[in-house]
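**Q** Just dropping this structure here.
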Amino acid sequence: MGFKEAWKALFNETKQSPMIAYSNVGTQTQPKMSYSDLAKEGYQENAIVYRCVNEIANGASAVKFNLMRGDQPIDDHPLLDLMMRPNPMCSQSEFFQIVYSYLLLSGNSYILKTGPEEREPQELYTLRPDRMRIVPSQRMIPSAFEYVVNGQVSASYNVDTSTGKSDVKQIKLFNPLDDYYGLSPLKAASADIDQHNLSNKHNVMLLMNGARPSGAVIYRPKDEAGNMTMLTDSQREMLRSDLAKRFEGSANSGRTMVLEGDFDYKEMGLTPKDMDFTGMKNFSARDIALCFGVPSQLVGIPDANTYSNMQEARLALYEETIIPLLKHIQSDLNEWLVPIYGDDLQLKYDIDSIPAITERRRMIYDNVISAVDKGIITRNEARERLGLEPINGGDDVYIGANLFPLGSEIPKPKDPDSDDVAKTLYEEAYGEEKREIEKDVFTTIEEATSRSQEIGCRGYHAHTQDGETIYMPCESHAEYERLKNDSSIQIKMDRKPTVAMADNARQALEWRKEFNRGGTSVGVARARQLVNRENLSNSTILRMYSFFSRHEVDKRATGFRRGEDGFPTAGRVAWDLWGGDEGFAWSKRKRDQIMKERDGKSSTKTNKEKTFCSQGVQRDKQNQKEL
604 MGFKEAWKAL FNETKQSPMI AYSNVGTQTQ PKMSYSDLAK EGYQENAIVY
654 RCVNEIANGA SAVKFNLMRG DQPIDDHPLL DLMMRPNPMC SQSEFFQIVY
704 SYLLLSGNSY ILKTGPEERE PQELYTLRPD RMRIVPSQRM IPSAFEYVVN
754 GQVSASYNVD TSTGKSDVKQ IKLFNPLDDY YGLSPLKAAS ADIDQHNLSN
804 KHNVMLLMNG ARPSGAVIYR PKDEAGNMTM LTDSQREMLR SDLAKRFEGS
854 ANSGRTMVLE GDFDYKEMGL TPKDMDFTGM KNFSARDIAL CFGVPSQLVG
904 IPDANTYSNM QEARLALYEE TIIPLLKHIQ SDLNEWLVPI YGDDLQLKYD
954 IDSIPAITER RRMIYDNVIS AVDKGIITRN EARERLGLEP INGGDDVYIG
1004 ANLFPLGSEI PKPKDPDSDD VAKTLYEEAY GEEKREIEKD VFTTIEEATS
1054 RSQEIGCRGY HAHTQDGETI YMPCESHAEY ERLKNDSSIQ IKMDRKPTVA
1104 MADNARQALE WRKEFNRGGT SVGVARARQL VNRENLSNST ILRMYSFFSR
1154 HEVDKRATGF RRGEDGFPTA GRVAWDLWGG DEGFAWSKRK RDQIMKERDG
1204 KSSTKTNKEK TFCSQGVQRD KQNQKEL
């Protein structure tokens, strides 16, 4: 037999499908211990397992997911709303805590999406893994998921065997002996769990007996002829009952035993070393923690010196266990849920929101930036190491503080009379207003026009920058400049933020530093203005009012208010960066004043037109009367 024939015989290549047929595909292996046994004896009755599962599940569920379009985060999207409140019964943190816990306890976790078919789901639910039954198919993909309660199938969810699409998403851990069901760490640690539980029970029973080992009552009766006799069954039971009543239990510990006649007592003693089950418990506890990937220090096991301190141990927990688990969940959600909302979207866990690795990330960031400055790596290589998308022109090696490309001439200062608007044209002309002006530079006409409506003008005007066209609000730059420096309005109005606005902004900056979420660089800059109580320009006031009007819907989210789960949300942080509720009310009042003043300026011309028109009407009426 040749190699080709042997290959076909071994793998049974079929004509119906190009896929090689697998032996025993879909075989459902029955575990020695059911899920209920594992959950009860492992999670409910074992402190080490309980602590390991909660360390992982709580840590992972506290890490939020960001919705990204390329490199740009999206702050407002229906998918984010769904994840914030998956269903009326669960918050985001509680939902994912259940997902991670089921995965660790059973090796499988199931998520159900509800809503119209092929449409955006309305709710997400977790399903108990012990109630899920997978219907096998002729392929590696199951044909259906069945939800079984009391032996009856209460719901069935079909699976497209060609694509694997279904309303149910199974998240599973690797199992080398089963094609459909994942392997729980509890099964791998089942022997250690039994040993740990039995050690606990032995110590409890020993304490209940007054910490004294058992002994033997020896009976040596003889008849008149000197021969040994035996107790009857009733006599033996009466003796056992009497001894238990008089001398067993912690209340009878140390009580003197009085024996008469042919009775003798021999203590079946254990040495202190034999009675010490602490070492056995610690060995089994370490093995349990090892199966879950949790450092021993974090579950209270002594003499575990793998890490020098708790901080290093917790860092190891995130790097070696939680982050790989987050990547697993992230991949499954991006494959199953996110494409419903668009192929250009992606969920990414926010690694910067993990306090345990903040210092490590800062060190990595500093090293990467230093390597870029010294010309060791390119900016795109640096961005890759930081988990960012590449940029155009980022493949050149740069050196020096000004980041000039190696091998190129140092660029000459640009002509101040050129059309390079964003960084040169307005720098000297507008001084302190430069930052505000740069914020009003857009790449699309729609953005510039929308900004015009915010600041009180019409249309847009264009400039050329590096061969590309950019757009700014208002039909001319002169009009834009006039609005930015409209002193006739500014003099009449107090534009200094209130103390309450400053306090809200200061609190938001502290939240952002502590929780690493909420707001943008623009929001941070605005907060600093409020904290310093700087006089704000008209355009800034109008921008504040526009921000609050757009984001007032964020107040509906759970966690926006104190005392709610997830407080403060990213929306709450961003809201207070701009001054909070006091800032909204203040910007509305100032905006009304600005618009009233502007309407007053144009009223003179309007009144003149009305007067001219009314005079014309009166003349027409008089002419008609004369005719």
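So in this note's numbering the end of the sequence shown lands on 1230, straight run, no missing numbers. We put the beta carbon where it would ideally sit given N, CA and C, even for glycine.
#1: Tell me where the beta strand (DSSP E) around F668 begins and ends.
#2: Using DSSP's beta-bridge definition, name the partner residues of M1075.
#3: Under 6 Å Cβ to Cβ from E728, same chain only, skipping five residues before and after it: list those, please.
#4: In angstroms with no decimal places, state the Cα-to-Cα distance between I980 and A974.
#5: Pop quiz: L708 and L641 are said to be a contact at Cβ under 8 Å. What is the actual Cβ separation, rounded to whole angstroms?
#6: When we look at the beta-carbon of I972 and count the other beta-carbons within 10 Å, is it buried (16 or more) or exposed?
#7: Start and end of the beta strand (DSSP E) containing V1000?
#8: Per DSSP, what kind of secondary structure is Y1307 in: helix, strand or coil?
#9: Helix or strand or just coil, what does DSSP make of R742?
#10: Let me make sure I understand the geometry here. Which of K804, K768, A747 and E723 has the alpha-carbon closest to that of E648?
#11: Mind checking which residues open and close the beta strand (DSSP E) that includes S712?
#12: Would you identify the three-state DSSP class for R889, choosing helix, strand or coil?
#13: Is there a Cβ from chain C that is less than 9 Å from the Cβ of R742?
#14: If you draw a straight line from the alpha carbon of G1183 to that of D955, how long is it in whole angstroms?
#15: Within 8 Å, do at least three Cβ pairs link the stretch 1136-1149 to the stretch 1173-1193?
#16: Let me check understanding here. Comparing Cα to Cα, which of D1106, R988, V652 and M1104 lies closest to S793?
#17: What does a CB cutoff of less than 6 Å around F1187 pick up in its chain, not counting 5 residues either side in sequence?
#18: Given a cut-off of 9 Å, decide if S802 and S887 are closer than it, judged by their beta-carbon atoms.
#19: What residue from S746, S934 and T1101 has the CA that sits closest to L950's CA?
#20: Restricting to Cα atoms, I'd like to know which of Y1083, V738 and I960 is closest to Q1056.
#21: What is the C-beta distance between A713 and P732, in whole angstroms, given that I count them as a contact (C-beta under 8 Å)?
#22: Under the rule that 16 or more other beta-carbon atoms within 10 Å means buried, what is V1024, buried or exposed?
#23: For S704, count the other beta carbons within 10 Å of its own beta carbon; 16 or more makes it buried, fewer makes it exposed. Which is it?
#24: Going by DSSP, what residue range makes up the beta strand (DSSP E) through Y646?
#25: Rounded to a whole number of angstroms, what is the C-alpha to C-alpha distance between L1139 and P993?
#26: Please state whether DSSP places P898 in a helix, a strand or coil.
#27: Since I believe Y784 is in contact with G710 (beta carbons under 8 Å), could you give me their beta-carbon distance rounded to a whole number of angstroms?
#28: If the criterion is Cβ atoms closer than 9 Å, does the pair D795 and I925 meet it?
#29: For a test of the three-state rule: what should DSSP assign to L682, helix, strand or coil?
#30: What is the DSSP secondary structure of P676, counted as helix, strand or coil?
#31: Determine whether the beta carbon atoms of A1108 and L1133 lie at a separation below 9 Å.
#32: Could you check where the alpha helix (DSSP H) with T1143 kicks off and where it finishes?
#33: What is the residue span of the alpha helix (DSSP H) that K930 lies within?
#34: Determine the DSSP secondary structure at A1260, reduced to helix, strand or coil.
#35: For F1118, report the span of its alpha helix (DSSP H) as first-last.
#36: CB G662 to CB L920, shorter than 9 Å?
**A** Judging by the given coordinates:
#1: Taken as a continuous stretch (DSSP letters only), the beta strand (DSSP E) holding F668 covers F668 to R672.
#2: BP columns for M1075 point to H1064.
#3: It is Tyr, not Glu, that sits at residue 728 in the sequence shown. So the list reads N690 and L715, once near-sequence residues are dropped.
#4: C-alpha separation (whole angstroms): 6 Å.
#5: Contact between L708 and L641 holds: CB atoms are separated by about 7 Å, below the 8 Å threshold.
#6: The residue in question, I972, is exposed, as its Cβ has fewer than 16 Cβ neighbours within 10 Å.
#7: Careful: V1000 lies outside any beta strand (DSSP E) and carries neither H nor E.
#8: Nothing in the structure corresponds to residue 1307, since the chain is present only between 604 and 1230.
#9: In this structure, DSSP gives R742 a state outside helix and strand, which the three-state scheme calls coil.
#10: Among K804, K768, A747 and E723, the Cα nearest to that of E648 is on K804.
#11: Looking at the DSSP string, the run of the beta strand (DSSP E) that includes S712 is N711 to T717.
#12: Collapsing the DSSP output to three states places R889 in a helix.
#13: Among the protein chains of the structure shown there is no chain C, as only one such chain exists.
#14: C-alpha separation (whole angstroms): 25 Å.
#15: Using a Cβ-Cβ distance cut-off of 8 Å, the stretch 1173-1193 and the stretch 1136-1149 are in contact, since at least three pairs of beta carbons, one from each stretch, lie closer than that value.
#16: Comparing alpha-carbon positions, the option among D1106, R988, V652 and M1104 lying closest to S793 turns out to be V652.
#17: In its chain, beyond the 5 residues on either side, F1151 have a beta carbon closer than 6 Å to the beta carbon of F1187.
#18: Here S887 is near S802, since their CB atoms are less than 9 Å apart.
#19: The alpha carbon of L950 has as its nearest neighbour, out of S746, S934 and T1101, the alpha carbon of S934.
#20: With respect to the C-alpha of Q1056, the residue from Y1083, V738 and I960 having the closest C-alpha is Y1083.
#21: As written in the sequence, residue 713 is Tyr, which differs from the Ala given in the question. That belief holds up - the Cβ atoms of Y713 and P732 are roughly 6 Å apart, short of 8 Å.
#22: Here the model assigns V1024 a pLDDT of 34, short of 50, so the residue's position is not dependable, and the following value carries that caveat. With 16 or more other Cβ atoms within 10 Å, it is buried.
#23: It is buried - the Cβ of S704 has at least 16 other Cβ atoms within 10 Å.
#24: Counting along the chain, Y646 falls outside any beta strand (DSSP E), and DSSP gives it neither H nor E.
#25: Cα-Cα distance, rounded: 37 Å.
#26: Three-state DSSP puts P898 in coil, outside helix and strand.
#27: At roughly 7 Å, the Cβ-Cβ gap stays under 8 Å, so G710 and Y784 are in contact.
#28: Not closer than 9 Å, so no.
#29: Note: L682 maps to helix in three-state DSSP.
#30: P676: strand per DSSP, three-state reduction.
#31: Yes, these two residues count as a Cβ contact at 9 Å.
#32: Counted as a single uninterrupted DSSP element, the alpha helix (DSSP H) harbouring T1143 occupies residues N1141 to H1154.
#33: That run of the alpha helix (DSSP H) goes I926 to W939.
#34: Residue 1260 cannot be examined here, being either before or after the span of the chain that is shown, 604 to 1230.
#35: V1102 to F1118 is the span of the alpha helix (DSSP H), which, as asked, contains F1118.
#36: The Cβ atoms of G662 and L920 lie closer than 9 Å to each other.
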